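Trainee: My questions all concern the structure below.
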Amino acid sequence: MPAFIGELNVVFAYAFGIILIYLIGRMFLMPLKLVFRLIYNGIIGGIMLWIVNLIGGYFDFNIGINAITALIAGFLGIPGVILLILFKIFIA
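Residue numbers for the sequence shown follow this note's numbering, beginning at 1 and rising by one.
What follows is the structure, given as C-alpha cells:
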C-alpha cells in the first residue's frame, strides 16, 4: 500500500472531525440564540409597554408590565401592544 493513501485517510479523518465539531457546536449554539432572542424580545416589549403606560397615564390607563405581557408585545410587536390594549379595554 502506497504511503500517500495512509496520509489521505488522515486528511479525511481530520476533515470529518472538524465537520463533526462544527455540527455539534451549532447544535449547542441554537438554543442559546433562542434564549437571547427571548430576552431581547421581552426587553423590547417592556419598553413598548412602558411607552404605552407613559402616554396612558394622562388618560388613567395602564397595562401591567410582567413577563407575559412583555413577551406578547415583544413577539408580536405593535400588533401585540394593540392586542394588549384591546384586551384591557374590552375584557378587564
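Even for Gly, the Cβ is constructed at its ideal location relative to N, Cα and C.
None of these values were measured; they are calculated from a predicted model.
#1: Between the alpha carbons of Tyr40 and Gly46, how many angstroms are there, rounded?
#2: DSSP three-state label for Phe36, please.
#3: How is Ile24 classed by DSSP in three states: helix, strand or coil?
#4: Helix, strand or coil, according to DSSP, for Asn9 in the structure here?
#5: Would you identify the three-state DSSP class for Phe59, choosing helix, strand or coil?
#6: Within this structure, are the beta carbons of Ala70 and Leu49 separated by less than 8 Å?
#7: Just the Cα atoms here: how many angstroms apart are Phe16 and Met27?
Mentor: To lay it out plainly:
#1: Numbered from 1 along the sequence shown, position 40 holds the residue referred to as residue 40. Numbered from 1 along the sequence shown, position 46 holds the residue referred to as residue 46. Spanning the two alpha carbons is a distance of roughly 10 Å.
#2: Here residue 36 corresponds to residue number 36 of the sequence shown, with the count starting at 1. Looking at Phe36 - three-state DSSP - the assignment turns out to be helix.
#3: Along the sequence shown, one-based indexing puts residue 24 at 24. Of the three classes helix, strand and coil, the one that applies to Ile24 here is helix, per DSSP.
#4: Counting from 1 along the sequence shown, the entry for residue 9 is found at position 9. It is helical.
#5: Residue numbering aside, residue 59 sits at position 59 when the sequence shown is read from its first letter. Here Phe59 sits in helix by DSSP.
#6: Within the sequence shown, the letter at position 70 stands for residue 70. Within the sequence shown, the letter at position 49 stands for residue 49. A contact, by the Cβ cut-off of 8 Å.
#7: To locate residue 16, count along the sequence shown from 1; it is residue 16. To locate residue 27, count along the sequence shown from 1; it is residue 27. Distance between the alpha carbons of Phe16 and Met27 is about 17 Å.
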